[in-house]
Structure formats: C-alpha cells, structure tokens
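Taking it in order: structure first as structure tokens, then the write-up.
2 protein chains.
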Amino acid sequence: MTAASRRRIPEATVARLPLYYRALMETGERQVATISSERLAELAGVNAAKVRKDLSYLGSYGTRGVGYDVEYLLHEISRELGLTRDWPVAIVGIGNLGRALANYRGFGARGFRVEVLIDADPALVGHRIGELAVVSIDDLDEVVREHSIAIGILATPASAAQDVADRLVAAGVTSILNFAPAVCSVPEGVSMRKVDLAIELQILSFYQLRRATSGATPPRERAG
Amino acid sequence: MTAASRRRIPEATVARLPLYYRALMETGERQVATISSERLAELAGVNAAKVRKDLSYLGSYGTRGVGYDVEYLLHEISRELGLTRDWPVAIVGIGNLGRALANYRGFGARGFRVEVLIDADPALVGHRIGELAVVSIDDLDEVVREHSIAIGILATPASAAQDVADRLVAAGVTSILNFAPAVCSVPEGVSMRKVDLAIELQILSFYQLRRATSGATPPRERAG
Numbered sequence: 001m002t003a004a005s006r007r008r009i010p011e012a013t014v015a016r017l018p019l020y021y022r023a024l025m026e027t028g029e030r031q032v033a034t035i036s037s038e039r040l041a042e043l044a045g046v047n048a049a050k051v052r053k054d055l056s057y058l059g060s061y062g063t064r065g066v067g068y069d070v071e072y073l074l075h076e077i078s079r080e081l082g083l084t085r086d087w088p089v090a091i092v093g094i095g096n097l098g099r100a101l102a103n104y105r106g107f108g109a110r111g112f113r114v115e116v117l118i119d120a121d122p123a124l125v126g127h128r129i130g131e132l133a134v135v136s137i138d139d140l141d142e143v144v145r146e147h148s149i150a151i152g153i154l155a156t157p158a159s160a161a162q163d164v165a166d167r168l169v170a171a172g173v174t175s176i177l178n179f180a181p182a183v184c185s186v187p188e189g190v191s192m193r194k195v196d197l198a199i200e201l202q203i204l205s206f207y208q209l210r211r212a213t214s215g216a217t218p219p220r221e222r223a224g
Numbered sequence: 001m002t003a004a005s006r007r008r009i010p011e012a013t014v015a016r017l018p019l020y021y022r023a024l025m026e027t028g029e030r031q032v033a034t035i036s037s038e039r040l041a042e043l044a045g046v047n048a049a050k051v052r053k054d055l056s057y058l059g060s061y062g063t064r065g066v067g068y069d070v071e072y073l074l075h076e077i078s079r080e081l082g083l084t085r086d087w088p089v090a091i092v093g094i095g096n097l098g099r100a101l102a103n104y105r106g107f108g109a110r111g112f113r114v115e116v117l118i119d120a121d122p123a124l125v126g127h128r129i130g131e132l133a134v135v136s137i138d139d140l141d142e143v144v145r146e147h148s149i150a151i152g153i154l155a156t157p158a159s160a161a162q163d164v165a166d167r168l169v170a171a172g173v174t175s176i177l178n179f180a181p182a183v184c185s186v187p188e189g190v191s192m193r194k195v196d197l198a199i200e201l202q203i204l205s206f207y208q209l210r211r212a213t214s215g216a217t218p219p220r221e222r223a224g
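Residue numbers (the working numbering), protein chains in the order written: chain A, 1 to 224; chain B, 1 to 224.
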C-alpha cells in the first residue's frame with residue numbers, strides 16, 4: 001500500500017512535486033540539512049503558502065523555525081512520484097530528438113530506464129545508440145511486452161504519432177509522453193502528457209517583451 | 001505601448017498562457033469559431049474558473065452562453081506573449097538535442113527564428129544543419145551581437161553551461177532557455193528558464209504507480 005493509493009492529491013499538486021524534487025536535489029547536493037518553505041518556494045518558482053499546502057498532502061508539515069528535513073522530504077516525494085520504482089521506457093522515433101532522449105542523463109537517475117529504441121527506418125534498425133540497438137517498428141508489440149514497458153516516449157514525426165500511440169496502447173503501455181507536434185488521443189485508463197518545447201520560449205518572450213517596452217535601457221546597450 | 005506594459009499579470013497566469021494558446025491553435029485548426037471556458041479548461045488541463053480569471057487579465061471576458069471568440073483570443077494571447085514579434089534565437093551546443101531543437105518546427109511558427117548555431121567542437125564548425133552553418137564558440141560574442149540575438153538556448157553538457165550562460169549575457173542576451181542538466185545563475189535583469197525533460201515523466205509515473213496499486217487489473221493484462 002503506497003501513499004498514492006491512500007490520499008487524493010490534486011492534479012496541480014502532482015505537477016508541482018517534480019519541481020520540489022528537483023529543487024531539493026539541488027539543495028541536497030549542496031549539503032543542506034533543512035529548508036524553509038520560503039526557500040523551497042523560491043527555488044521551485046511558486047509561493048510559500050502553496051508549498052506548505054502541497055506538502056501537507058504528503059503528510060509533511062515541517063518544523064516551525066526549522067523548516068523541512070531535506071533528506072526526508074526527498075524520500076517522501078520520490079516515493080509519492082513512484083521514483084523508487086523502476087519504470088522501463090521505450091522511445092519510438094530515433095531521429096535527433098529520440099537520440100537526445102536516449103542519451104539524457106536525467107532519466108536513469110530517477111528510475112526511468114530506457115530499455116527499447118524503436119524506429120520505422122530499416123536503415124536505422126540494428127544501429128547502436130549507447131548500449132541499445134534500434135528495433136524495427138514491426139517488432140513493437142513483441143519488444144514492448146517482452147520488456148514490460150511502462151512508459152512509451154513518442155519522438156516520431158507528427159504524421160506517425162497517432163498510429164504509434166495506438167500500437168503502444170495495444171501492446172499494453174499505459175503511459176505515453178508525446179514529443180511529437182501532433183494532437184493524439186488515447187483511450188480511458190491511459191495517461192498521455194505532451195511536451196511542447198516552445199512553451200518555455202513563449203514565457204521568456206513575455207518577459208523579453210515587457211523589458212523591451214518598459215523604457216529601461218536593456219542590458220544589451222549598457223554592456224556595449 | 002503594449003498590453004504587457006500596462007497590466008500586471010501574475011507569473012502563474014503567464015505560464016498558463018502558452019497552454020491556452022496551444023489549445024486554441026488546435027481548436028482553430030478544426031474551424032471552431034467560439035470556445036467555452038469549460039472546453040478551453042479541459043484542453044489546457046486546468047479548471048474553468050482559472051481560465052476565466054487568467055483571461056480577464058487580458059481584458060477578455062467572453063460572452064455568456066457563447067464563450068470566447070477563438071480568433072480574437074488567439075490574437076490577444078499572442079500579442080501578450082510577444083509572439084507577434086520576431087525573436088532571433090541562438091542555440092549553443094549542437095549535439096543531438098541542439099540539432100533536434102534547430103529542426104523543431106514549433107519554434108519558427110511562433111516567431112522564434114533560430115539564426116545562429118554555436119558549438120565548441122572545431123570538427124562541427126562550418127557543418128550545415130538545414131540552412132545554417134555551425135559557428136565557433138570563439139565567435140559567440142560577435143555573432144550574437146551581429147544577429148541581435150534575444151534568446152539563447154543552452155544545449156551544452158552540464159559542465160559548460162554556466163560559462164556559456166555568462167558569455168551569452170556578456171554579449172547582450174537577456175533571455176536564456178536552459179536544457180543543460182545544470183544549475184546556472186544569471187544576473188538581475190536576465191531571465192532564465194530551465195527545461196527538465198524528466199519532469200513530465202515523473203508526473204506520468206505518479207499516475208502509473210496509482211494505477212499499479214489501485215487493485216484494478218491493468219490494461220496490460222486485459223489486453224493479453
């Protein structure tokens with residue numbers, strides 16, 4: 001019985017837990033034993049009241065005047081997020097993005113083991129990326145079942161995304177991370193999250209525009 | 001004078017505007033003229049009251065029983081986010097991720113023109129990716145100024161990230177998108193956003209864990 005099955009945690013809180021986790025990891029690397037909700041809020045880019053509320057769902061309340069124990073909180077969050085488990089991952093679409101994801105350090109460290117690389121291009125099949133050989137899309141069903149793949153990552157062109165999503169679901173995958181610039185649908189009971197690499201650029205652009213129109217001399221000119 | 005300089009929009013609202021923009025683009029492609037706050041909320045993954053509150057900061061209130069005009073709202077949000085401007089972008093670090101970003105369709109369509117590719121590897125300098133030739137990091141300052149680069153994308157290894165961020169800032173860049181798995185700091189007046197490709201995986205893992213421990217037969221077994 002895990003914490004996740006006991007309590008109901010709002011979706012927005014779930015989405016912030018990885019931000020706290022990352023902030024705490026960075027703090028932990030700096031050998032800090034405790035952290036205040038204010039500091040954690042600052043590192044995660046939210047407000048302190050929200051941090052306290054979010055962490056209360058995990059049963060973590062911190063100690064007045066001391067804050068939260070970093071190690072304990074890291075343990076709580078990683079258990080809640082399922083990072084203490086091993087999730088076998090398959091990447092479909094081994095173009096530049098698929099290769100970048102296959103080599104991405106941040107996955108393995110958090111329990112996401114990339115075990116299968118799949119592509120439709122016969123010229124790529126058998127090609128090695130790190131320790132893995134690319135498998136043909138014709139064998140998708142077989143390798144996904146064989147490796148008990150929990151999470152599929154779509155890094156295909158937009159035109160192939162829905163078809164690949166359907167095949168992953170048919171093979172038993174219940175979580176899909178979609179990097180393809182396409183709207184895909186999945187049946188009830190399957191989770192899909194979309195990563196749009198331009199989202200963060202748009203947030204930067206908002207602040208860039210604000211600076212450009214604020215009348216202040218931009219750093220560009222001051223530095224020149 | 002733009003909308004951004006007139007009103008104060010909360011940071012959390014700014015971060016949600018790109019989600020609304022994407023949802024509306026997808027709706028617009030399907031030739032829908034109006035959209036309810038409930039539908040927009042569903043597409044963007046937030047609740048309807050939040051959508052109405054967020055859009056009220058833009059002066060958009062919708063029409064009772066009709067909803068929001070999709071085209072007008074798209075225009076409002078893209079103006080607010082600065083997507084009606086052209087932001088020249090430089091990518092530093094032309095490994096797999098840098099190449100994937102250089103070829104990413106979603107950037108150009110939203111006003112983010114990748115104009116400069118920079119790498120430290122002499123073997124890569126002069127190499128063409130699409131229409132651009134990779135420039136040496138030794139020429140960073142010169143090309144960044146020459147192209148009036150507004151946004152720098154860090155796709156370097158972790159060890160090089162802070163140094164490259166410093167050089168971009170010294171050359172006048174005031175917005176940095178950091179894909180490197182490293183904590184970087186930038187001076188006041190410069191925006192930096194970090195993209196962590198494992199964040200979404202962790203959210204999927206939360207729901208995967210919940211399904212695995214809910215006692216329901218997972219689809220994997222039902223399909224087999």
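Note that the Cβ used here is the ideal one computed from N, Cα and C, for glycine as well.
Here the structure is a predicted model, which means the values were calculated and not measured.
Tell me which residue opens and which closes the beta strand (DSSP E) that residue i is part of.
| i | result |
| --- | --- |
| residue 133/A | 132 to 136 |
| residue 151/B | 151 to 154 |
| residue 8/A | Neither: residue 8/A is in no beta strand (DSSP E) and is coded neither H nor E. |
| residue 177/B | 175 to 178 |
| residue 214/A | Careful: residue 214/A lies outside any beta strand (DSSP E) and carries neither H nor E. |
| residue 191/B | 191 to 194 |
Which first and last residues belong to the alpha helix (DSSP H) in which residue i is found?
| i | result |
| --- | --- |
| residue 39/B | 37 to 44 |
| residue 276/A | Not covered by the structure: residue 276/A. The range shown for chain A is 1 to 224. |
| residue 56/B | 48 to 56 |
| residue 145/B | 140 to 146 |
Would you mind sorting residue i into buried or exposed? The rule is 16 or more other CB atoms within 10 Å of its CB.
| i | result |
| --- | --- |
| residue 223/B | In this prediction, residue 223/B has a pLDDT of 29, which is less than 50 and means its spatial position is unreliable; what the coordinates show is noted afterwards. By the neighbour-count rule (16 or more Cβ atoms within 10 Å), residue 223/B is not buried but exposed. |
| residue 61/A | exposed |
| residue 119/A | buried |
| residue 53/B | exposed |
| residue 187/A | exposed |
| residue 109/A | exposed |
| residue 11/B | exposed |
| residue 18/B | buried |
| residue 99/B | buried |
| residue 150/A | buried |
| residue 105/B | exposed |
| residue 214/B | exposed |
| residue 63/A | exposed |
So, at 6 Å on beta carbons, what are the nonlocal neighbours of residue i in its own chain, with the 5 sequence-adjacent residues on each side left out?
| i | result |
| --- | --- |
| residue 29/A | none |
| residue 93/B | 155 and 156 |
| residue 152/B | 90, 168, 173 and 176 |
| residue 181/A | 158 |
| residue 125/A | 134 and 136 |
| residue 121/B | none |
Below 7 Å CB to CB, which residues in the same chain sit around residue i once its five sequence neighbours on both sides are set aside?
| i | result |
| --- | --- |
| residue 218/B | In this prediction, residue 218/B has a pLDDT of 37, which is less than 50 and means its spatial position is unreliable; what the coordinates show is noted afterwards. Only 211 and 212 meet the Cβ criterion. |
| residue 66/A | 34 |
| residue 83/A | 110 and 111 |
Skipping 5 residues on each side, what residues in its chain have a beta carbon closer than 8 Å to that of residue i?
| i | result |
| --- | --- |
| residue 33/B | 69, 70 and 71 |
| residue 102/B | 91, 94, 114, 117, 129, 130 and 132 |
| residue 226/B | The requested residue 226/B is not part of the displayed model; chain B covers only 1 to 224. |
| residue 221/A | Because the pLDDT of residue 221/A is 29, which lies under 50, any placement of that residue in the model is unreliable, and the number read from its coordinates should be weighed accordingly. Hits under 8 Å: none found. |
| residue 107/B | 89, 101, 113 and 114 |
| residue 195/B | 177, 178 and 179 |
Go ahead and pull the three-state DSSP assignment for residue i.
| i | result |
| --- | --- |
| residue 34/B | strand |
| residue 159/B | helix |
| residue 119/A | strand |
| residue 209/A | helix |
| residue 204/B | helix |
| residue 1/B | Since pLDDT at residue 1/B reaches only 42, below the 50 mark, its modelled position is unreliable, and no value is offered. |
Inset, instruction - Only counting runs of 4 or more residues, tell me where the alpha helix (DSSP H) segments fall wholly within the region 59 to 113 of chain B, in order along the chain. - result: If you keep only unbroken alpha helix (DSSP H) runs of at least 4 residues inside the region 59 to 113 of chain B, you get 70 to 80, 96 to 102 and 105 to 108.
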